[in-house]
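Colleague: Can you keep this structure in mind? I'll have questions shortly.
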Ligand SMILES: *Cc1c(COP(=O)(O)O)cnc(C)c1O
């Protein structure tokens, strides 16, 4: 151990090596010195851990290599584009929704120029950033007023904290949802300072259960859309309309967390029925919250729509400032919403909607083209089979979207090895694995990515 520790080269010595000198000429010498220090420190820790491989060595060459690797890590983007071959359209870990072209353009415009973010152009007075999307949101949803915050988790927290802090909130036991990334309704409730009152059972909740729980401390009736699961069989939940009626009788507002929240009726595209935001506003919900980047297909955002008296209170909550959206979110959201003025245009131009409604011929054709390209490579076994894609983002959990899957096996590698290598390519390719085969779903890949996927596989085969 002592021997290795003494072998760690001095920082100056490493700085004199040619590749490091080149790097130091391009970037700050101070940064490069820090990188070398860190690398040496990591080596020291590795040595002191005593857990060393048989070929462990400390040399100038090794430290130079480690320093170059670390510099590369610092200098190349960590958040980068990938190819989504999984077929999961709203893939939270891969960035959820892609933005429509108009939104991309507006992002650049707002990034390059000062903007009307918080100014009234007519009077020159201070304006509100939320006004930019209020007209569109209220028109499209039928609500009186709207507010946009950082994400839907924030929207729910803000609404609960405004309308029910120190009060009781009644919710059905069938709706105590957990969404990925540790959003749990009971925890959010605790954070908001409201007290959760659970009623009914997991599978059945009746209106009388809510009614029995109402008292002078009740601040809110909460209806949460069970986005990512369904309770089927001997099951019953209270319709939003009935909850609204009960709320009105007792002068208690109803908050509806719609989760994914869509503005178009997916039923017309063969999906099982899901309430739209308009439906739930129409049903009388006082406040509805939903995500900007799930089925809506916009930027990450939490959208709150509903009755003016409640939205005003929510706006004035100091917590709203902490959940504030930036100009990029608003610019992208505004452009996305504008497309919904004509729902056929939205389905054509909002990538999330477009991918969810892709024609099976388009999918078959893309699958065939990818498969026949990959078939050119020796050592690959490729076939195309009917299969299914997933919506993702906790929406339509039971919906299998018919697609055609490209299934690949590589003669000398296990499916896991291939999957790992494909993720190490540039850009990384994410796939599914099923029955020892790599599965690529054409739904979430672009035509121009077919060649890239081909070259990823050809580099795999060449290595063999
Ligand atoms: C996704 C979801 C959330 C969280 O929304 P984010 O925009 O991810 O913060 C909250 N509630 C429900 C029901 C959801 O489906």
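Numbering (the working numbering), first residue to last: 2 to 465. Virtual Cβ for every residue (Gly too), placed ideally from N, Cα, C. Given the structure is predicted, the values throughout are model-derived calculations rather than measurements.
Taking the alpha helix (DSSP H) that residue 455 falls in, what are its first and last residues?
Modeller: 451-464
Colleague: Considering only the alpha carbon of each residue, which of 235, 306, 369, 192 lies closest to residue 258?
Modeller: 306
Colleague: So residue 229 is in the alpha helix (DSSP H); what residue range does that whole segment cover?
Modeller: Premise fails: residue 229 is in no alpha helix (DSSP H) and is neither H nor E.
Colleague: Check the C-beta distance from residue 208 over to residue 243 and give it rounded, since I have them as a contact under 8 Å.
Modeller: 5 Å
Colleague: Within 10 angstroms of its Cβ, does residue 287 collect 16 or more other Cβ (buried), or is it exposed?
Modeller: buried
Colleague: Does any heavy atom of ligand 2 sit closer than 8 Å to the C-beta of residue 397?
Modeller: For the structure depicted, ligand 2 is absent and the ligand set comprises only ligand 1.
Colleague: Could you give the distance in angstroms between the alpha-carbon of residue 202 and the alpha-carbon of residue 45?
Modeller: 57 Å
Colleague: Throw me the rounded Cβ distance for the residue 84 and residue 353 pair, which I believe falls under 8 Å.
Modeller: Actually they do not touch by this definition, with Cβ atoms about 17 Å apart.
Colleague: Run through DSSP, which three-state label would residue 207 get?
Modeller: coil
Colleague: Tell me the DSSP bridge mates of residue 200?
Modeller: As computed with DSSP, residue 200 is found in a beta bridge with 173.
Colleague: Given that a residue counts as buried once 16 or more other Cβ atoms are within 10 Å of its Cβ, and exposed if not, what is residue 437?
Modeller: exposed
Colleague: Please confirm whether any heavy atom of ligand 1 lies closer than 8 Å to the CB of residue 178.
Modeller: yes
Colleague: Identify every run of the alpha helix (DSSP H) within the stretch 33-97, keeping only runs that are complete inside it and at least 4 residues long; order them along the chain.
Modeller: 61-76
Colleague: Could you tell me how far apart the beta carbons of residue 61 and residue 15 are, in whole angstroms, since I believe they sit closer than 8 Å?
Modeller: 7 Å
Colleague: Mapping DSSP to helix, strand and coil, what is residue 191?
Modeller: Three-state DSSP puts residue 191 in a helix.
Colleague: Could you check the C-alpha separation between residue 280 and residue 142 for me, to the nearest Å?
Modeller: Using only the alpha carbons, I get a separation of about 8 Å.
Colleague: For residue 394, count neighbouring C-beta atoms within 10 Å of its own C-beta (all shown protein chains included) and say buried if the count is 16 or more, exposed if not.
Modeller: buried
Colleague: Cβ atoms of residue 292 and residue 397: under 9 Å apart, would you say?
Modeller: no
Colleague: Alpha carbon to alpha carbon, how far is residue 284 from residue 144?
Modeller: Their Cα atoms are separated by approximately 11 Å.
Colleague: Just mark residue 432 as buried or exposed, buried being the case when its beta carbon has 16 or more other beta carbons within 10 Å.
Modeller: buried
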